[in-house]
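**Student:**
This is the structure:
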(Lines of atoms letter the chains of each structure in order from A; the text may use other names.)
(Lines give C-alpha, C1' and ligand atoms only; values in the text may rest on other atoms or scores of the structure.)
Protein backbone atom coordinates (compact mmCIF):
# COMPACT_ATOMS: atom_id res chain seq x y z
CA UNK A 55 0.00 0.00 0.00
CA UNK A 56 1.34 3.43 -0.90
CA UNK A 57 2.16 5.73 2.01
CA UNK A 58 3.99 8.87 3.04
CA UNK A 59 5.77 9.77 6.25
CA UNK A 60 6.17 13.10 8.00
CA UNK A 61 6.57 14.85 11.31
CA UNK A 62 3.18 15.42 12.91
CA UNK A 63 1.71 16.32 16.28
CA UNK A 64 1.83 12.64 17.22
CA UNK A 65 5.55 12.37 16.55
CA UNK A 66 8.32 12.24 13.97
CA UNK A 67 8.18 9.94 10.97
CA UNK A 68 4.46 9.19 11.29
CA UNK A 69 3.27 7.26 8.27
CA UNK A 70 -0.14 7.50 6.61
CA UNK A 71 -1.64 5.67 3.64
CA UNK A 72 -2.06 7.46 0.34
CA UNK A 73 -3.89 4.66 -1.48
CA UNK A 74 -6.70 2.24 -0.53
CA UNK A 75 -9.33 4.17 1.41
CA UNK A 76 -10.02 2.73 4.87
CA UNK A 77 -12.39 5.32 6.30
CA UNK A 78 -13.55 8.94 6.24
CA UNK A 79 -13.31 11.04 9.36
CA UNK A 80 -15.49 14.15 9.40
CA UNK A 81 -15.52 17.09 11.81
CA UNK A 82 -18.04 19.96 11.67
CA UNK A 83 -17.16 23.13 13.60
CA UNK A 84 -19.73 24.11 16.24
CA UNK A 85 -18.32 27.11 18.09
CA UNK A 86 -21.67 27.70 19.84
CA UNK A 87 -21.89 24.16 21.29
CA UNK A 88 -25.49 23.85 20.12
CA UNK A 89 -25.94 20.10 20.60
CA UNK A 90 -24.86 19.48 24.20
CA UNK A 91 -27.13 16.42 24.60
CA UNK A 92 -25.80 14.66 21.49
CA UNK A 93 -22.87 12.29 22.20
CA UNK A 94 -21.39 13.01 18.75
CA UNK A 95 -21.06 16.74 19.43
CA UNK A 96 -18.68 18.38 21.87
CA UNK A 97 -15.47 20.32 22.41
CA UNK A 98 -16.59 22.68 19.65
CA UNK A 99 -17.15 20.01 17.00
CA UNK A 100 -19.51 17.46 15.52
CA UNK A 101 -17.65 14.17 14.99
CA UNK A 102 -18.32 11.34 12.52
CA UNK A 103 -16.60 8.26 11.10
CA UNK A 104 -17.64 6.50 7.89
CA UNK A 105 -16.40 3.18 6.45
CA UNK A 106 -16.25 2.29 2.72
CA UNK A 107 -18.58 -0.72 3.04
CA UNK A 108 -21.45 1.57 4.16
CA UNK A 109 -20.52 5.21 3.47
CA UNK A 110 -23.98 6.51 4.43
CA UNK A 111 -23.76 5.29 8.05
CA UNK A 112 -21.88 7.15 10.77
CA UNK A 113 -20.23 4.37 12.80
CA UNK A 114 -19.11 6.68 15.63
CA UNK A 115 -21.42 6.54 18.64
CA UNK A 116 -19.72 8.85 21.15
CA UNK A 117 -16.98 11.29 20.21
CA UNK A 118 -15.26 10.98 23.59
CA UNK A 119 -14.93 7.21 23.24
CA UNK A 120 -14.52 6.92 19.46
CA UNK A 121 -12.60 10.07 18.46
CA UNK A 122 -10.83 11.88 21.27
CA UNK A 123 -8.20 9.21 21.88
CA UNK A 124 -6.57 10.06 18.57
CA UNK A 125 -7.14 13.82 18.81
CA UNK A 126 -5.71 14.50 22.29
CA UNK A 127 -2.25 15.34 20.84
CA UNK A 128 -3.93 18.00 18.65
CA UNK A 129 -5.80 19.64 21.56
CA UNK A 130 -3.79 22.86 21.35
CA UNK A 131 -4.69 23.16 17.66
CA UNK A 132 -8.48 22.96 18.20
CA UNK A 133 -8.32 19.14 17.90
CA UNK A 134 -7.21 19.32 14.23
CA UNK A 135 -4.13 17.77 12.63
CA UNK A 136 -3.31 20.42 10.04
CA UNK A 137 0.09 19.00 9.11
CA UNK A 138 -1.37 16.29 6.89
CA UNK A 139 -3.88 18.73 5.35
CA UNK A 140 -1.98 21.77 4.00
CA UNK A 141 -5.19 23.53 2.93
CA UNK A 142 -6.22 23.86 6.61
CA UNK A 143 -3.09 25.88 7.34
CA UNK A 144 -4.02 28.61 4.86
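In the numbering used here, the protein residues as written are 55 to 144.
The beta-carbon is built from N, C-alpha and C at its ideal position, and this holds for glycine as well.
Spatial neighbours of residue 128 within its chain, please: CB distance less than 7 Å, with the 5 preceding and 5 following residues excluded, ordered by chain position.
**Tutor:** The answer, listed in chain order, is 63, 134 and 135.
**Student:** State the DSSP-derived secondary structure class of residue 105, mapped to helix, strand or coil.
**Tutor:** In this structure, residue 105 counts as strand in the three-state DSSP scheme.
**Student:** Evaluate contact between the segment 116-123 and the segment 79-98, counting only Cβ atoms and requiring at least three cross-stretch pairs below 8 Å.
**Tutor:** Cβ pair count under 8 Å is three or more, so yes.
**Student:** Tell me, please, which residues DSSP counts as bridged to residue 58.
**Tutor:** In the DSSP output, where bridge partners are listed per residue, residue 58 has 70.
**Student:** Measure the CB-CB distance between residue 99 and residue 83 and report whether it falls below 8 Å.
**Tutor:** Yes, these two residues count as a Cβ contact at 8 Å.
**Student:** For residue 77, collect the residues of the same chain with a Cβ closer than 8 Å to its Cβ; drop the 5 residues on either side in sequence, then sort them by chain order.
**Tutor:** If we look at residue 77 and ignore the five residues flanking it on each side, its Cβ neighbours are 103, 104, 105 and 106.
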